[in-house]
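Sequence lines, in order, name chains A and B.
Counting in the numbering used here, the first sequence runs from 8 upward without gaps.
Counting in the numbering used here, the second sequence runs from -5 upward without gaps.
All C-beta atoms, glycine included, are put in the ideal place defined by N, C-alpha and C.
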Amino acid sequence: MDLLAYALQVLTVIVAPLVVGLAMGMDRKITARMQNRRGPPVLQPFYDVGKLLSKRPMLLSELQATFAGAALLFHAAALALFVSGSDLLVTFFVSGTGSVCLVMGAFSARSPYSFIGGQRELLAILAYEPVLFLVVLSIGMRSSFLVGDIQGGLLHDLPLVLLALVPVLVVLLEKSPFDVPTAHQEIISGPYVEYSGPYLAILEVARWFQLAFVFGMVTLFFWSGDAVISIAGKLALAFAALFATIVIDNASARLTRENMVSFMLIAGIGLVAINLLVLFILKGSI
Amino acid sequence: MMTLESKMRIRSPWIMHFDTGSCNGCDMEVWALLTPRYDIERFGAMNRANPKQADILLITGPVTKRCEDRLRNLYEQTPEPKLVIACGDCASTGAPFHNCYNVNGGVDKVIPVDVYVPGCACRPEVLIDALVLGLSKWREKAAGADKEAEG
């Protein structure tokens, strides 16, 4: 591989989570405007992470720090694999390991609140990972499992699969109606409850890496031969997905955890199945 | 020159509210801060309801003897740097409960307080003022530390 392409990939792995951080700031601003508030500055997530890093570190057990670091490493590795154009399935599983590390971190603190958060995070993983897995499979079967080889036609052939990613994003962005793990009115911050200061900042950055990977999957659906159009289209598609989750968040109240699992599995798997079935009938192959 | 650290700290004050036996008058005004009308999220403030992730403690009520240990616990669980704002007359001085056998008569009898907010109940506008005053204390502290470093 030539040096320039390599440098570009390293740059993307560094910049992508920062873009997600900026998107989180835009999310808070747009949400505030929808509720007729002024809202925080767009750079607020960066202020928050900077502030958290400067707080006095506090831990309940050493394992908490270990799992927070592991979550960051796995999510960063997943994004690096994705950007370098390797196998989408491997990327998915590495990212999934990162999510499990968050749960292990929650379980490693001896606190009932942290345990409830961990259990609920496990339920959320049970709800969104199968859908995400099927999305990965359908992208792979339609085009290629290697991210580097995926080209156009996904949006045209798999529109319902893209639609199935929206509820996945709702869960991952901790938004209503499926903000079950971190339910603000009820158990406050779920798996994050016993984390504070720098360690919470590490988990927040890990989340940005994870979201960068999932938004990356959304961007796969747009492709054009022209690099500029391709990048602009990819960003527009990712923003449209984010905006959809913000609208859903502001227009709905939280549902129960059973509702989340059953809706995600029925609607998510259903959408992917219908899409693949129609594609099979129309084209004779997937 | 302020350090980047203290700049970020001033822009991201996460709050935690604790009721130490208030009549709920001040509590409703504290919650009103989060509504679209007062919207303290524009200062970057968020209600975390978790001492471990809070920077600013908004304490209401005259601190009953039963609440004393809990208040001290919450204060100790909040990592430094932190601010304590005593919201309302009860939290500031114990006001109507003066000399009562079952109250401590003010938050500052138990934990150090940085800003006192008068009023029964305290008004949300004054609470916002108190928040901004508390943040400016941090700014002064940061500037003082810089001067010491230079001198």
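Same chain only: Cβ atoms within 6 Å of residue i, ignoring 5 sequence neighbours per side
| i | result |
| --- | --- |
| E23 (chain B) | A115, C116 and P118 |
| F110 (chain B) | Strictly speaking, residue 110 (chain B) in this sequence is Tyr, with Phe absent from that position. Excluding sequence neighbours, Y110 (chain B) sits near A80 and S86. |
| A83 (chain A) | F216 |
| S151 (chain A) | I157 |
| G232 (chain A) | none |
Under 8 Å by beta carbon: chain A residues contacting residue i
| i | result |
| --- | --- |
| C(-2) (chain B) | According to the sequence as given, residue -2 (chain B) is Leu; it is not Cys. The answer, in chain order, is G57. |
| G38 (chain B) | P47, P48, Q51, Y54 and D55 |
| E74 (chain B) | K62 and R63 |
Per-residue contacts from residue i into chain B (C-beta, under 8 Å)
| i | result |
| --- | --- |
| R127 (chain A) | Chain B residues near R127 (chain A): none, gap ~16 Å exceeds 8 Å. |
| V200 (chain A) | N44 and K46 |
Own chain partners of residue i with C-beta closer than 8 Å, once the 5 adjacent residues on each side are dropped
| i | result |
| --- | --- |
| P174 (chain A) | Y135, V138, F185, F270, M271, A274 and G275 |
| D63 (chain B) | none |
| N44 (chain B) | M10 |
| T38 (chain A) | G46, I253, D256 and N257 |
| L130 (chain A) | V187, P188, R264, M267 and V268 |
Neighbourhood of residue i by C-beta distance below 7 Å, restricted to the same chain and skipping five residues each side
| i | result |
| --- | --- |
| S183 (chain A) | D256, S259, A260 and R261 |
| V97 (chain A) | L88 |
| I105 (chain B) | L65, R66, Y69 and V78 |
| S6 (chain B) | G38 |
Cross-chain neighbours of residue i in chain A, by beta carbon under 7 Å
| i | result |
| --- | --- |
| E35 (chain B) | A39, R44, G46 and P47 |
Presumed contact (8 Å Cβ cut-off) between residue i and residue j, rounded CB distance
| i | j | result |
| --- | --- | --- |
| V142 (chain A) | S93 (chain A) | Contact doesn't hold; Cβ gap of about 17 Å is too wide. |
| T14 (chain B) | V57 (chain B) | 4 Å |
| A208 (chain A) | V56 (chain A) | 5 Å |
| L249 (chain A) | A30 (chain A) | 6 Å |
| P73 (chain B) | K46 (chain B) | 7 Å |
| A203 (chain A) | K62 (chain A) | Looking at the sequence provided, one finds Ser at residue 203 (chain A) rather than Ala. About 7 Å separates the two Cβ atoms, so the contact holds. |
| R133 (chain B) | I4 (chain B) | 6 Å |
Closer than 9 Å at the beta carbon, the chain B residues around residue i
| i | result |
| --- | --- |
| I123 (chain A) | The contacting residues do not exist; I123 (chain A) stays about 14 Å from chain B at best. |
| S196 (chain A) | R42, A43, N44 and Q47 |
Residue j beta carbon less than 8 Å from that of residue i
| i | j | result |
| --- | --- | --- |
| V27 (chain A) | A219 (chain A) | yes |
| L165 (chain A) | S196 (chain A) | no |
| G105 (chain A) | F114 (chain A) | no |
| S110 (chain A) | E128 (chain A) | One detail in the question is off: residue 110 (chain A) reads as Val in this sequence, not Ser. Yes, they are a contact pair. |
| V20 (chain A) | L95 (chain A) | no |
| S121 (chain A) | V200 (chain A) | yes |
| D108 (chain B) | G128 (chain B) | yes |
| R40 (chain A) | Q51 (chain A) | no |
| F229 (chain A) | L244 (chain A) | yes |
| F140 (chain A) | C108 (chain A) | no |
| G312 (chain A) | F53 (chain A) | Outside the displayed span of chain A (8 to 293) sits residue 312 (chain A), for which this structure offers no information. |
| L161 (chain A) | V221 (chain A) | no |
| P119 (chain A) | Y206 (chain A) | no |
| R44 (chain A) | P112 (chain B) | no |
Neighbour list for residue i in chain B, Cβ cutoff strictly below 7 Å
| i | result |
| --- | --- |
| G204 (chain A) | P73 |
| L207 (chain A) | Q47 |
Residue i Cβ short of 7 Å to the ligand GTP heavy atom set
| i | result |
| --- | --- |
| L139 (chain A) | Within the structure as shown, the ligand GTP is missing, as the structure has no ligands at all. |
TODO: Scan the region -1 to 24 of chain B for residues whose Cβ lies nearer than 7 Å to a Cβ of chain A and list them as they occur along the chain.
DONE: E(-1), M2, R3, R5 and S6
Task: Contacting positions in the region 90 to 103 of chain B - beta carbon closer than 8 Å to chain A - done: Residues passing the 8 Å Cβ filter: none.
- [ ] With 8 Å as the C-beta to C-beta threshold (strictly closer), list the residues of the region 102 to 119 of chain B near chain A in chain order.
- [x] none
Task: Cβ-based contacts, 8 Å cut-off: residues of the region 43 to 67 of chain B near chain A - done: A43, N44, K46, Q47 and D49
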